[in-house]
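Quick note, the sequences are listed as chains S and Y, same order. The first sequence begins at 9 in the working numbering and counts up by one. The second sequence begins at 16 in the working numbering and counts up by one. No residue lacks a Cβ here, since even glycine has one placed at the ideal position from N, Cα and C. Bear in mind that the values here come from a model prediction, so they are computed numbers and not experimental data.
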Amino acid sequence: MKALRYIIFSAALLAAMVCKAQDYKLPAYQKFTLKNGLTVYLMEQHDVPMVNVSVILPAGAIYDGDKAGLASLTATSLKHGTKNYPKSKLDEELDFIGASVSTYASKESAGLSADFAAKDKDKVLAVINELLTAPVFDTAEFSKEKKRTLLRLDQAKESPRSVIGSYFDKFLYGDHAYGNIVSGTISSVSGLVPDDIKKFYKENYIPNGAAISIVGDFNSKEMKGIVTKLFSDWKQGKQANAAIASKPITEPAGNRVLLINKDDAKETTFLIGAPGISRNNPDYVAIDVINTLFGGRFTSMLNDELRVNTGLTYGANSHFSPLKNGGTFRISTFTASKTTEPAIDKALEVLNKLHKDGVDEQSLTSARNYVKGQFPPRYETSGQLSGLLTQMFWYNFNESYINNFQKNVDGLTVEKAKDIIAKYFPKDKLQFIMVGKSAEIKKIVEKYGPVTEVQIKEEPKKAF
Amino acid sequence: MKRFTLPAFLLLGFLSKAQMKADDVKAFTLKNGMKFLVVEDNSIPNANMYLFYKVGSRNEYQGITGLSHFFEHMMFNGAKKFGPKEFDRTMEFNGGANNAYTREDVTVYTDWFPASATETMFDLEGDRISSLSIDPKMVESERGVVLSERSTGLENSPWQLLVQSVQAQAFQEHPYHWPVIGYEDDMKNWKQADLERYFKTYYAPNNCVVVVSGAVKTDDIKKLAEKYLESIPAQPEPPKVHTVEPLQTGERRIVLKKDVATPYLYIAYKTPEAKNDDYYSLVLLSDILSNGKSSRLYASLVDNKQLANSVFTSYDESFDPTLFGFYAVTNKGVNETDLEKSIYEEIEKIKKDGINERELQKVKNQKLIEFYGQVETINGKSNNIGTYEVFFGDYKKMFDAPAQYNKVTADDIKRVANKYFLKSNRTVGILKSQVDD
Chain S
9 MKALRYIIFS AALLAAMVCK AQDYKLPAYQ KFTLKNGLTV YLMEQHDVPM
59 VNVSVILPAG AIYDGDKAGL ASLTATSLKH GTKNYPKSKL DEELDFIGAS
109 VSTYASKESA GLSADFAAKD KDKVLAVINE LLTAPVFDTA EFSKEKKRTL
159 LRLDQAKESP RSVIGSYFDK FLYGDHAYGN IVSGTISSVS GLVPDDIKKF
209 YKENYIPNGA AISIVGDFNS KEMKGIVTKL FSDWKQGKQA NAAIASKPIT
259 EPAGNRVLLI NKDDAKETTF LIGAPGISRN NPDYVAIDVI NTLFGGRFTS
309 MLNDELRVNT GLTYGANSHF SPLKNGGTFR ISTFTASKTT EPAIDKALEV
359 LNKLHKDGVD EQSLTSARNY VKGQFPPRYE TSGQLSGLLT QMFWYNFNES
409 YINNFQKNVD GLTVEKAKDI IAKYFPKDKL QFIMVGKSAE IKKIVEKYGP
459 VTEVQIKEEP KKAF
Chain Y
16 MKRFTLPAFL LLGFLSKAQM KADDVKAFTL KNGMKFLVVE DNSIPNANMY
66 LFYKVGSRNE YQGITGLSHF FEHMMFNGAK KFGPKEFDRT MEFNGGANNA
116 YTREDVTVYT DWFPASATET MFDLEGDRIS SLSIDPKMVE SERGVVLSER
166 STGLENSPWQ LLVQSVQAQA FQEHPYHWPV IGYEDDMKNW KQADLERYFK
216 TYYAPNNCVV VVSGAVKTDD IKKLAEKYLE SIPAQPEPPK VHTVEPLQTG
266 ERRIVLKKDV ATPYLYIAYK TPEAKNDDYY SLVLLSDILS NGKSSRLYAS
316 LVDNKQLANS VFTSYDESFD PTLFGFYAVT NKGVNETDLE KSIYEEIEKI
366 KKDGINEREL QKVKNQKLIE FYGQVETING KSNNIGTYEV FFGDYKKMFD
416 APAQYNKVTA DDIKRVANKY FLKSNRTVGI LKSQVDD
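The structure is reproduced here in structure tokens:
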């Protein structure tokens with residue numbers, strides 16, 4: 009009793025202090041647009057003599073069409089050499105100065121991130137410019153990359169955690185472009201030829217619709233000159249199906265179960281999902297706070313019940329994955345095959361409890377303090393800040409997200425929390441995606457909805 | 016805000032001109048032997064506390080394997096003032112988050128919090144270090160948690176099984192023989208008395224180094240340490256781990272069966288502990304072999320000959336002699352023995368012809384960039400300072416490391432390759448879907 013009183017007292021006292029300390033503002037930056045439409049962000053950070061670059065391009069997997077994996081393979085292939093830097097020279101010269109430059113595709117966008125010593129900025133920025141504007145797409149390198157990709161896809165099937173996300177997106181988004189599998193599938197990647205990536209590159213790697221952010225130890229005026237000179241010749245383009253992701257997403261009509269059989273599984277790895285939110289949702293911060301309470305931290309309702317109280321799993325959490333035009337929500341955990349039923353039941357019980365009991369003042373205060381307290385380390389490094397700037401571009405938000413974060417968190421009352429839960433956290437029409445040993449769990453999972461069973465070793469279907 | 020400046024030439028000076036110096040770390044030791052290292056850094060309004068206990072699976076014996084890691088979990092399950100669940104609840108209520116990790120040699124607890132909550136962190140840590148309560152009910156539910164942790168590791172990566180098995184072959188007597196997570200049957204059999212003895216022996220203030228970095232003042236940290244931690248009594252020094260692994264006198268080989276797309280290969284050579292003079296040369300040798308696409312193994316095996324789909328090497332700091340590992344996944348349609356042979360060919364090239372100066376300069380440059388990455392965050396600072404203090408015997412060695420790497424010559428690299436990469440000194444593990452009956 010004494011201990012409990014102490015905690016409440018000290019917490020109330022500290023809540024007041026916490027607010028002051030966390031008055032975290034985004035450091036100053038400048039933003040401008042080149043004539044070809046490329047948006048540029050510059051932010052000086054002089055803590056370490058390093059520079060971070062982040063580029064975002066409208067070249068993600070949503071543009072794959074029926075060639076799943078195309079965006080991803082195109083992004084990787086940028087590093088197969090350029091006009092002035094054949095691949096081996098590119099690799100060696102970047103390695104020699106300890107610079108890292110990586111290229112990748114995600115669902116909606118493609119990207120490049122780089123970090124390097126400030127003294128090497130002229131050289132590395134010139135390399136980045138060539139990678140983006142003058143890749144050569146060497147045929148021999150393409151065929152090697154394709155082979156590596158195919159084996160990786162095969163290897164991913166050794167790990168439930170590596171494949172479950174792709175099945176989840178397919179199951180939730182159906183034939184919408186957001187259901188496209190970023191990594192591709194064995195049959196789709198097998199069909200890709202060098203001309204596919206050349207065409208994909210030509211159509212989608214365009215400066216209009218792209219942004220570059222540079223954060224680190226440099227002088228902004230000088231950097232503006234360098235970037236303007238380097239990137240102004242990049243030709244504008246026009247994407248044929250730019251708005252493909254704005255098509256409506258079909259919402260599920262009832263509970264459904266997708267069971268992915270893995271014969272040697274000893275665990276059931278599962279996600280319970282539902283439609284989520286898009287990134288520009290006005291309640292984004294409030295939803296983040298409630299999700300923190302529900303499944304976003306160690307003492308969250310989900311982890312407390314499935315790990316701490318019952319020892320059913322090493323961890324349970326929940327997550328919103330917002331994109332431009334929609335998103336998903338998922339509960340995520342795993343458990344031994346024989347405890348599949350209690351684990352799923354517990355997860356559902358916790359979800360019901362969220363709707364039935366809502367959140368009280370004490371736990372809401374805790375969640376508010378937690379998200380505020382853990383906020384500054386998310387934007388501590390130049391790499392984190394350059395990533396944030398390109399996200400601001402892509403999802404069309406500005407520094408008010410950072411600067412008003414605390415205010416928005418504090419504005420969430422118990423009353424408003426009730427509305428947030430009712431509006432954004434699913435109650436029914438749940439989508440269950442499970443990887444496990446069908447022979448042991450199929451009977452059990454039938455209880456949650458009609459079951460579609462597939463084999464992990466088989467090609468994922470086009471849509472479920 | 017701390018500022019680091021890059022020397023004009025990477026080779027010269029390395030960190031000599033950098034502004035974060037060993038002097039920026041303030042050290043003090045409490046009367047009970049608990050050592051504190053503090054870095055004042057106001058770049059964000061946050062701070063952290065990293066507690067390094069010198070206990071890990073190395074201090075276990077067969078029958079209680081995995082106990083160090085389990086204990087790490089039990090440290091969150093209630094003490095005198097903050098009962099079950101209250102450690103995490105109090106921490107999160109105050110804006111803090113935490114985690115912990117257990118290795119063969121150490122167990123490390125990490126608290127990340129707004130600087131204004133610093134006193135609460137000391138209160139929480141002081142409570143669990145002075146008066147942890149080991150509730151039998153919590154022991155049972157937590158046992159399920161670590162069994163799940165073990166199982167999900169094995170379920171999601173073939174490396175786990177392969178590395179554990181090779182380690183067990185390479186170390187036949189020394190406690191690096193068993194995995195940190197423990198044997199499943201031992202995990203089901205830890206007794207209350209084992210836990211209580213472990214706590215008393217190893218969770219003593221004199222067996223702990225604490226690092227605090229962030230928006231704090233050293234004087235305040237000292238006052239809080241005195242208030243919350245100094246009264247905890249010191250304990251006799253824990254028993255020494257006396258087992259020395261006997262010299263390996265011949266190649267050891269194992270094969271494991273698991274349903275995988277292509278064979279996994281792990282080759283491990285016995286190499287010395289962090290305090291050995293050859294440590295820095297071996298770290299650079301590892302980078303020459305596998306850091307980046309221009310590295311020897313990647314360029315040869317993945318890119319050029321296409322025998323492997325991926326390849327990497329590792330050599331980590333340790334208290335006792337350890338392993339230098341080569342990890343490779345065979346490409347489709349390739350025989351894993353061809354891949355293995357090619358790895359040896361690359362090793363032999365270095366043993367015979369050494370490396371060139373540009374290669375050496377490359378990995379030294381990479382190390383410097385890596386260093387900046389490590390000290391860019393307050394968490395990186397605490398973790399590195401603590402790691403140098405416990406593994407190398409002095410946090411100041413972290414600031415000396417760039418100079419140590421700089422001193423390594425191409426001849427050193429050739430010398431250590433010849434000294435340790437011997438057939439009789441290696442253990443080879445192959446994991447594949449088809450094995451002979």
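- [ ] In angstroms with no decimal places, state the Cα-to-Cα distance between Y/M106 and Y/N63.
- [x] 12 Å
Task: Extent of the continuous alpha helix (DSSP H) to which S/M231 belongs - done: S228 to F239
TODO: Closer than 8 Å, Cβ to Cβ, to anything on chain S: give me those residues from the stretch 41-71 of chain Y, in chain order.
DONE: S58, I59, P60 and N61
Task: Proximity below 8 Å, CB of S/N269 to CB of S/Y456 - done: no
Open item on the list: With H, G and I counted as helix, E and B as strand and the rest as coil, what does DSSP make of Y/S439?
Closed with: helix
Open item on the list: Using a 10 Å radius around the Cβ and a threshold of 16 neighbouring Cβ atoms, would you call S/F40 buried or exposed?
Closed with: exposed
Task: Neighbour-count burial assignment, Y/L262, 16 or more Cβ in a 10 Å radius - done: exposed
Open item on the list: Counting only Cβ pairs nearer than 7 Å, list the residues of chain Y close to S/D162.
Closed with: A276
- [ ] Name, going along the chain, the residues of the stretch 328-347 of chain Y whose beta-carbon falls closer than 8 Å to a beta-carbon of chain S.
- [x] V344, N346 and K347
Open item on the list: Suppose you measure from the CA of Y/M153 to the CA of Y/P336; what does that come to, to the nearest Å?
Closed with: 36 Å
Task: 8 Å Cβ cutoff, Y/S458 in contact with chain S - done: Outside the shown range of chain Y (16 to 452) lies residue 458 of chain Y, about which nothing can therefore be said.
Open item on the list: So, for S/D204: in the same chain, excluding its five sequence neighbours on each side, which residues have a beta-carbon less than 7 Å away from its beta-carbon?
Closed with: K75 and L78
Open item on the list: Taking only three categories from DSSP, how would you classify S/E388?
Closed with: coil
TODO: Determine contact between the stretch 257-272 of chain Y and the stretch 77-92 of chain Y, defined as no fewer than three beta-carbon pairs at a distance below 8 Å.
DONE: no
Open item on the list: Counting C-beta neighbours from all protein chains within 10 Å, is the total for Y/N306 16 or more, i.e. buried, or is it exposed?
Closed with: Y/N306 comes out buried.
- [ ] Return the first residue and the last residue of the beta strand (DSSP E) that S/P283 is part of.
- [x] Per DSSP, S/P283 belongs to the beta strand (DSSP E) from E275 to P283.
Task: C-alpha gap between Y/L437 and S/D183, whole angstroms - done: For Y/L437 and S/D183, the gap between their C-alpha atoms comes out near 56 Å.
Open item on the list: Please confirm whether Y/A112 has its beta-carbon closer than 8 Å to some beta-carbon of chain S.
Closed with: yes
- [ ] Use the C-beta contact count for Y/L25: other C-beta atoms within 10 angstroms, 16 or more gives buried, fewer gives exposed.
- [x] Legend: pLDDT at Y/L25 = 36, less than 50; position of this residue unreliable, no value from coordinates given.
Open item on the list: Which residue marks the beginning of the beta strand (DSSP E) containing S/E466, and which one marks its end?
Closed with: From DSSP, S/E466 is part of no beta strand (DSSP E); its letter is neither H nor E.
Task: Rounded separation between Y/D368 and Y/V231 - CA only - done: 52 Å
Open item on the list: Give me the chain Y residues within the contact set of S/R305, using Cβ-Cβ distance strictly less than 8 Å, ordered along the chain.
Closed with: What S/R305 touches in chain Y, judged by beta-carbon distance under 8 Å, is E107 and A112, going in chain order.
Task: Contact list for Y/V160 against chain S, beta-carbon separation under 7 Å - done: R315, G319 and Y322
Open item on the list: Does chain Y have any CB closer than 8 Å to the CB of S/R169?
Closed with: So yes, S/R169 belongs to the interface.
TODO: For my contact list, Y/G401 and S/G381 are in at a C-beta cut-off of 8 Å; report their separation, rounded to the angstrom.
DONE: Y/G401 to S/G381, Cβ: 22 Å. No contact.
Open item on the list: Taking CB distances under 8 Å as the criterion, tell me whether Y/S31 reaches chain S.
Closed with: Residue placement at Y/S31 is poorly supported in this model, since its pLDDT is 35, which falls under 50; the coordinates are not used for a value here.
- [ ] Mark Y/D426 as exposed unless 16 or more other C-beta atoms lie within 10 angstroms of its C-beta, in which case mark it buried.
- [x] exposed
- [ ] Taking Y/F128 as the query, report the chain A residues whose CB atoms sit under 7 Å from its CB, ordered along the chain.
- [x] No chain A is present in this structure, whose protein chains are S and Y.
TODO: Could you tell me which residues DSSP puts in a beta bridge with S/P330?
DONE: S/G335
- [ ] Run the CB neighbour count on Y/H84, radius 10 Å, all protein chains shown included, and call it buried at 16 or more, exposed below.
- [x] buried
TODO: Just the C-alpha distance for Y/T352 and S/N317, rounded to the nearest angstrom, thanks.
DONE: Taking the straight line joining both Cα atoms gives about 49 Å.
TODO: Specify, as a first and last residue, the run of the beta strand (DSSP E) that S/N42 falls within.
DONE: The sequence shown places Leu at residue 42 of chain S, rather than the Asn named in the question. No beta strand (DSSP E) contains S/L42, which DSSP labels as neither H nor E.
Open item on the list: Along the stretch 396-416 of chain Y, where does the CB come closer than 9 Å to a CB of chain S? Name the residues.
Closed with: none
Task: Alpha-carbon to alpha-carbon, Y/V54 and Y/V227 - done: 6 Å
Open item on the list: Is it buried or exposed, Y/E157, if we count other Cβ atoms within 10 angstroms and call 16 or more buried?
Closed with: buried
Task: Interface residues of chain S facing Y/I384 [CB-CB closer than 9 Å] - done: M58, I105, G106, A107, S108, D123, F124 and A125
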